[in-house]
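FYI, in UniProt numbering the residues of the sequence shown are 1 to 281. C-beta: ideal position from N, C-alpha, C; glycine also.
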Amino acid sequence: MRFLLILLMLASQGLAQTARYKVGLIDLMLLKRQKLGAITLTQQIGADGLELDMGGLGKRPTFENQLANDSIRQVFMDKANELKLEICSLAMTGYYAQSFCGREEYQQSIRDCIKTMKAMNVKVAFLPLGVQCDLKKDPSIRDSVVSRLKVAGKMAEEAGVVIGIETALSAKEEVALLKEIGSPAIQIYFNFSNPLKEGRDLYKELKILGKNRICMIHATNKDGVWLEKDPEIDMLKVKRTLDKMKWSGWLIIERSRDASKPKDVKGNYSANTAYLKKIFQ
1 MRFLLILLML ASQGLAQTAR YKVGLIDLML LKRQKLGAIT LTQQIGADGL ELDMGGLGKR
61 PTFENQLAND SIRQVFMDKA NELKLEICSL AMTGYYAQSF CGREEYQQSI RDCIKTMKAM
121 NVKVAFLPLG VQCDLKKDPS IRDSVVSRLK VAGKMAEEAG VVIGIETALS AKEEVALLKE
181 IGSPAIQIYF NFSNPLKEGR DLYKELKILG KNRICMIHAT NKDGVWLEKD PEIDMLKVKR
241 TLDKMKWSGW LIIERSRDAS KPKDVKGNYS ANTAYLKKIF Q
């Protein structure tokens, strides 16, 4: 009887740990942007969920988003439910290249993303400030970025969702930026590669931002080697740091592809998924 109780305790601990950290993939990085096959591939790779992209932006007033179509969206949701996967977030990657701080019609794109989030019961959206709204390279655009994120934050608050931004700033600078924006619905979508490429301490950056400012994490580095072979990241130390912060949520695999096999989508993401699950689950 005692042995059975021990087994049940261990099982419950394992379930709790699995629920605390979840591992997700990105349809865009799987080369299946808004393609149903991304969900099937995610299940085959062994991840817990998938971040879906909102589609291309270009010079259009809003995203080329087929998920706005009720019947298409339902097919995606049904497939995810069938395979027991979560749609963990929506990504506005069109803003990597387009200017969030300069486009006149930015509100429509944010509104359309939030509408899709509500329809799919997704709580987090990813918004990269991108090359044209790089606050580190061009501090003069700060007022525009802040004013627009205040508007986006208000929209997100009213909808009960969160928009996670990615910037080129340090953690201390991001804390100041979030205070200036003043909305709990605007948080940081942390990316391991950003502090690493600037020579900053990844673990200190996490602690500076703290539990309540980080909505999700891109838990990878630049392409080159798989996460388990990356000398720049001590993943056990990352986990200890996040544990101590009492943070929980999604670890999304973006890059860290083997440079010798960059097109081996299944191989690269299977390896990184298995490694993150080994460490965090």
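Bridge-paired residues (DSSP) for residue i
i	result
Trp250	Lys22
Met216	Tyr189
Asp258	Gly224
Glu51	Ile26, Ser89
Ala125	Leu90, Ile163
Outcome for residue i when other beta-carbon atoms lying within 10 angstroms are tallied against a minimum of 16
i	result
Asn212	exposed
Ser140	exposed
Gly102	exposed
Val145	buried
Gln98	buried
Asp48	buried
Asn194	buried
Val131	exposed
Ala176	exposed
Glu198	exposed
Ser256	buried
Cβ-based neighbour list, residue i, same chain, cut-off 6 Å, excluding 5 preceding and 5 following
i	result
Gly46	Thr273
Met54	Phe63, Asn65, Leu90, Met92, Cys113
Gly14	Its pLDDT being 45, under 50, Gly14 is placed unreliably in this model, and the coordinates cannot settle the point.
Pro61	Glu105, Gln108
Ala168	Asp134, Lys136
Val75	none
Glu86	Gly49
Leu227	Ser256, Asn272, Tyr275
Ser270	Ile45
Inter-residue spacing [alpha-carbon to alpha-carbon] between residue i and residue j
i	j	result
Ser170	Ser147	20 Å
Thr116	Leu57	15 Å
residue 344	Val124	The first residue shown for the chain is 1 and the last is 281, placing residue 344 beyond what the model contains.
Gly94	Leu67	15 Å
Tyr21	Phe190	15 Å
Gly210	Ser248	11 Å
His218	Gly164	11 Å
Lys179	Leu149	12 Å
Ile253	Ile26	7 Å
Gly24	Glu174	24 Å
Arg142	Tyr96	17 Å
Asn81	Lys277	21 Å
Lys239	Ile279	8 Å
Lys244	Leu28	32 Å
Val225	Ser260	9 Å
Met235	Pro128	24 Å
Residues of its chain near residue i, where Cβ-Cβ distance is below 7 Å and the 5 sequence neighbours each way are ignored
i	result
Thr241	Tyr203, Leu206, Lys207
residue 342	Nothing can be reported for residue 342, as the shown portion of the chain is limited to 1 through 281.
Phe192	Leu202, His218, Ala219, Thr220, Asn221, Ile233
Val162	Lys123, Val124, Ala156, Ala185, Gln187, Cys215
Ile110	Ala152, Met155
Ile6	Low confidence applies here, because Ile6 scores a pLDDT of 39, under 50, leaving its location unreliable; read the following figure in that light. Closer than 7 Å at Cβ, skipping near neighbours: no residue.
Heavy atom of the ligand SAM within 7 Å of residue i beta-carbon
i	result
Met235	Judged by which ligands are present, the structure shown has none, so any question about the ligand SAM falls away.
Sequence-distant residues of its chain with Cβ nearer than 8 Å to residue i (five each side left out)
i	result
Thr40	Lys79, Leu83
(request) Taking 8 Å as the threshold, find out whether the stretch 196-214 comes into contact with the stretch 153-163 through three or more Cβ pairs. (result) Contact between the stretch 196-214 and the stretch 153-163 is absent, because fewer than three Cβ pairs lie under 8 Å.
(request) State whether the stretch 22-42 contacts the stretch 254-274, with contact taken as three or more CB pairs (one from each stretch) at a distance under 8 Å. (result) Taking 8 Å as the limit for Cβ pairs, the verdict is that the stretch 254-274 does touch the stretch 22-42.
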